[in-house]
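In the order they appear, the protein sequences are chains A and B. Under the numbering used here, the first residue of the first sequence is numbered 1, with each subsequent residue one higher. Under the numbering used here, the first residue of the second sequence is numbered 428, with each subsequent residue one higher. Here the structure is laid out as structure tokens; the discussion comes afterwards.
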Amino acid sequence: MSFPWAKHYEPKQPLMRWLDEKLPLPRLVYNAVGAGYPVPRNLNYFWNFGVLAGLALTLQIVTGVTLAMHYAANGGVAFASVESIMRDVNAGWFLRYAHANGASMFLLVVYIHIARGLYYGSYKAPREMVWLLGVVIFLLMMATAFMGYVLPWGQMSFWGAQVITGFFSAIPMVGETIRIWLLGGYAPDNAALNRFFSLHYLLPFVTMGVIIMHIWALHIPGSNNPTGVDVKSEADTVPFHPYYTAKDGVGVGVFMLVFAAFIFFAPNMLGHPDNYIEANPLSTPAHIVPEWYFLPFYAILKSFTADFILDAKLWGVLAMFGSILLLFFLPWLDTSPVRSANFRPKYRMFLIVLLLDVLLLGYVGGAEASARNVILGQLASAYYFIHFLVILPLVSRSEQPRPLPNSITEAVLEKHAGTSPAKTALA
Amino acid sequence: MVRFLAILIGAAFTFVLGLALFGTISTAITNPAPETAEHEFHLHPKDAALSSQGYAGNFDRQQLQRGFQVYKEVCAACHSLKYVSFRDLEHIGYSEAEVKAIANQWVIEQPSVNPDTGEAGTRKNLPSDRFPLAFANDVAARAANNNAVPPDLSLMAKARHDGTNYIYSLVGPDAYRAQPRELLAKFPDLKTPAGLHYNPYFANLNIAMPPPLTADGQVTYTDGTKATRGQMAKDVAAFLTWTAEPNLEARHAAGLAALIFIAIFCFLAWGAYQNVWRDVKH
């Protein structure tokens with residue numbers, strides 16, 4: 001699709017030829033993730049995470065559809081039906097733990113995938129549309145994960161739903177009406193649980209559709225690479241299959257090892273004990289915290305504690321949604337033509353600070369609201385916005401990028417030439 | 428234009444955060460958060476050191492049966508076990524006949540409907556029944572327990588942080604004690620109210636449950652183990668770990684097999700990767 005030297009699909013079997021004429025599905029696969037897609041030869045292991053995210057979504061759909069056969073979305077019996085899955089359904093405990101930890105694995109993999117994009121400038125021209133669709137996928141995932149967490153109808157499910165839908169009541173004038181409309185009641189109840197279940201079942205398939213567009217948009221310019229330099233000739237690329245299918249195989253194996261370790265040996269480590277208590281509208285938990293993957297955003301929400309023209313709560317909600325929505329503008333905030341942070345010394349330094357900053361926000365999001373933690377959260381939130389909205393537009397002006405290699409092949413050969421004297425010495 | 432607006436928005440958020448930061452710091456200086464008794468006197472649970480804990484743990488069936496005995500003779504008076512069925516007891520080593528007898532002799536009967544008259548009544552428990560509720564409803568539970576509902580214990584070991592150790596510590600020999608003198612000296616208003624009991628392993632330090640395990644030999648174990656208070660606490664913690672996670676052994680066994688299988692897959696995938704890429708510098 002992308003480069004003139006891309007291999008063409010030539011079916012040899014008569015059956016495959018017949019199929020190719022009627023419905024060229026094998027051709028589509030061949031060009032998408034087969035030998036027909038030329039990929040830069042220098043991709044590192046961070047390029048495994050796109051495939052891993054697709055795998056994680058597939059596993060979530062498989063375990064989720066099976067769980068839905070046994071789950072009952074009714075406030076009266078939802079909690080008991082989950083316990084029945086855990087105790088009475090054959091391998092039900094495995095399905096549920098795989099699905100609950102699968103959500104964490106999916107988000108973990110996607111966070112690494114996003115960080116890869118930030119570091120290597122994968123959001124820049126000509127891949128803006130890939131990035132925009134990626135942010136849409138991220139938003140869909142967050143909505144799906146939140147609604148899925150409500151389904152077991154434990155204490156954290158209920159109170160999490162209460163807090164998150166409460167965001168909408170921060171909207172002036174109509175907020176409370178919108179909140180009640182969204183919930184189908186004054187507080188989360190059967191109506192809310194049922195619509196969350198319906199949407200939780202729907203959104204993964206919407207996500208799947210957007211992923212297809214994400215890959216489609218990617219195949220037009222082709223994959224970015226660690227140098228950020230454009231592909232110039234056939235020597236710069238290898239066919240996706242077998243080269244990157246083989247490399248992704250290693251990534252899949254390591255992913256499965258980590259996943260299995262969680263499912264079988266620490267299935268409740270990432271969850272909150274309170275979610276094993278049935279939802280009780282009359283008893284508020286001591287600390288309401290979201291799942292780990294929302295903690296950085298929760299920290300931003302909590303950091304806005306001062307009224308200024310608008311309510312503190314509205315500032316918090318705006319900032320929290322803004323912290324994600326600003327990613328849509330990233331391709332136009334960063335004007336540097338150099339993609340890879342390896343050649344942008346200043347940007348690289350700020351980006352590493354940002355990654356640490358997000359980890360700090362995650363810690364603050366889950367920690368108790370002591371003065372020290374609130375102060376840390378406010379400083380970290382400020383850096384988050386300053387990084388994207390102020391530093392990024394300014395840094396490319398003052399920055400002197402390091403010289404770029406002429407081509408991917410040159411960079412690869414240089415790397416190998418650099419190491420060869422040591423190898424010779426050893427031999 | 429995008430960049431100009433971005434800088435403005437960034438400045439606005441930063442300004443509001445600066446105001447908030449100023450507020451936080453000035454409050455922390457002028458009006459620091461008071462120390463709380465929970466913060467200073469709450470104790471983390473002690474290690475129960477059970478065979479089921481740890482990454483390859485398995486249950487000790489003898490211990491689970493002792494723990495069940497403690498539950499039956501002590502806890503069941505107030506606490507239900509509503510997600511567990513009598514038949515499940517076969518998994519901790521009771522025979523089918525024994526389970527039938529345990530269900531049949533259970534003090535609280537199952538609510539049912541008289542098949543002839545249609546009147547509400549009760550019948551003897553069957554192995555297929557869940558453990559019956561200790562109280563007909565929460566109102567009855569409150570009325571009988573000084574306005575506190577004894578929680579269901581099926582999931583207790585997973586519904587508290589470090590649950591197994593928590594249960595062991597909460598009912599263990601050193602849990603219920605006189606309120607420390609230092610606590611009263613520092614927080615004179617926090618004397619344990621009448622009807623509650625000081626217990627440093629409980630989140631807010633004052634628990635409604637009276638000391639459940641009060642004397643050595645409170646339960647006479649059928650296997651001859653000496654029923655010290657510590658032993659009973661440990662056994663009931665083991666039993667409730669099983670009720671919360673009955674498939675723990677199957678999970679650990681399957682996990683080991685899965686890890687070995689995936690490790691072999693990784694090894695083969697690595698070999699394939701090396702083989703495919705052998706002639707391409709990257």
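Note that beta-carbon positions come from the ideal geometry of N, C-alpha and C, so glycine has one too.
Checklist line | Contact with chain B by A/I386, beta-carbon distance below 8 Å | finding: yes
Notebook entry, point to check: Does DSSP classify B/L477 as helix, strand or coil?
Noted result: coil
Check: When you compare each of A/P24, A/G121, A/L43 and A/G75 to A/R344 by their alpha carbons, which one comes out closest?
Finding: A/G121
Next item on the list: Using three-state DSSP, classify A/Q60 as helix, strand or coil.
Entry: Of the three classes helix, strand and coil, the one that applies to A/Q60 here is helix, per DSSP.
Notebook entry, point to check: Nearest CA to the CA of A/A299: which residue from A/Q378, A/T66, A/N42 and A/L318?
Noted result: A/Q378
Item checked: chain B within 8 Å of A/V254, Cβ atoms only -> yes
Checklist line | Segment contact flag, the segment 185-199 of chain A with the segment 290-310 of chain A, C-beta cutoff 8 Å, min 3 pairs | finding: Cβ pair count under 8 Å is below three, so no.
Checklist line | Below-8 Å beta-carbon distance, A/T305 vs any chain B residue | finding: Chain B, which has a Cβ nearer than 8 Å to the Cβ of A/T305, makes this yes.
Notebook entry, point to check: Taking the continuous beta strand (DSSP E) assigned at B/A630, which residues delimit it?
Noted result: That residue, B/A630, is in no beta strand (DSSP E); it is neither H nor E in DSSP.
Note to self: Please report the distance separating the alpha-carbon of B/D589 from that of A/V82.
What the structure shows: For the pair B/D589 and A/V82, the Cα-to-Cα distance works out to about 22 Å.
Margin query: Counting only Cβ pairs nearer than 7 Å, list the residues of chain A close to B/N674.
Written below: W93
Margin query: Just to confirm my understanding: we take A/L295, look at its own chain, exclude 5 residues before and 5 after, and list those with CB closer than 6 Å. What are they?
Written below: If we look at A/L295 and ignore the five residues flanking it on each side, its Cβ neighbours are G362, G365 and G366.
Notebook entry, point to check: Hey, quick one: how far does the alpha helix (DSSP H) through A/P393 stretch, first residue to last?
Noted result: L392 to S398
Notebook entry, point to check: Residues in the segment 332-365 of chain A with C-beta within 8 Å of chain B's C-beta atoms, listed in sequence order?
Noted result: W332, L333 and T335
Next item on the list: Quick one: grab the DSSP three-state call for B/T591.
Entry: helix
Notebook entry, point to check: When burial is assigned at 16 or more other CB atoms within 10 Å of the CB, is A/A417 buried or exposed?
Noted result: exposed
Next item on the list: Closer than 8 Å, Cβ to Cβ, to anything on chain A: give me those residues from the segment 456-472 of chain B, in chain order.
Entry: P459 and A460
Checklist line | C-alpha gap between A/L19 and A/P26, whole angstroms | finding: Cα-Cα distance, rounded: 8 Å.
Margin query: So B/K708 contacts chain A; which residues on that side make the cut at Cβ distance below 7 Å?
Written below: V412, L413 and H416
Item checked: Proximal residues to B/V511 (C-beta, below 7 Å), its chain only, five neighbours per side dropped -> R557, F558, S581 and T670
Notebook entry, point to check: Is DSSP giving B/Q537 helix, strand or coil here?
Noted result: strand
Check: Do A/G92 and A/H113 have their C-beta atoms within less than 8 Å of each other?
Finding: no
Note to self: When you compare the CB of B/C693 with every CB in chain A, is at least one pair closer than 8 Å?
What the structure shows: yes
Next item on the list: Using 10 angstroms around the beta-carbon of A/F49, count the other beta-carbons present and answer buried if the total reaches 16, otherwise exposed.
Entry: buried
Note to self: Which residues in chain A have a C-beta closer than 7 Å to the C-beta of B/V703? List them in chain order.
What the structure shows: P242, Y243 and A246
Check: The alpha helix (DSSP H) with B/T451 in it runs from where to where?
Finding: V429 to T457 is the extent of the alpha helix (DSSP H) around B/T451.
Note to self: What does the alpha-carbon distance come out to for the pair B/V598 and A/A98?
What the structure shows: One C-alpha to the other measures close to 34 Å.
Notebook entry, point to check: Is any beta-carbon of chain D found at less than 8 Å from that of A/N280?
Noted result: Of the protein chains in the structure, A and B, none is chain D.
Checklist line | Length of the line joining the Cα atoms of B/Q645 and B/K499 | finding: 12 Å
Next item on the list: Look at the alpha carbon of B/F449 and the alpha carbon of A/F138, and state the distance between them as a whole number of angstroms.
Entry: 34 Å
Notebook entry, point to check: Under three-state DSSP, which class holds A/T424?
Noted result: Residue confidence for A/T424 is low, a pLDDT of 43 falling below 50, so the modelled location carries little weight and cannot support an answer.
Next item on the list: Kindly indicate which residue of B/P538, B/A547 and B/Y482 has the alpha-carbon position closest to the one of A/P267.
Entry: B/Y482
Notebook entry, point to check: Quick one: what does DSSP say A/W18 is sitting in, helix, strand or coil?
Noted result: helix
Check: Should A/A327 and A/V317 be called a contact, given that it needs their Cβ atoms to be closer than 8 Å?
Finding: As written in the sequence, residue 327 of chain A is Leu, which differs from the Ala given in the question. For A/L327 and A/V317, no; Cβs fall outside 8 Å.
Item checked: Residue range of the beta strand (DSSP E) that includes A/G316 -> No beta strand (DSSP E) holds A/G316; the alpha helix (DSSP H) holding it covers A312 to L325.
Notebook entry, point to check: So A/V135 is in the alpha helix (DSSP H); what residue range does that whole segment cover?
Noted result: E128 to V150
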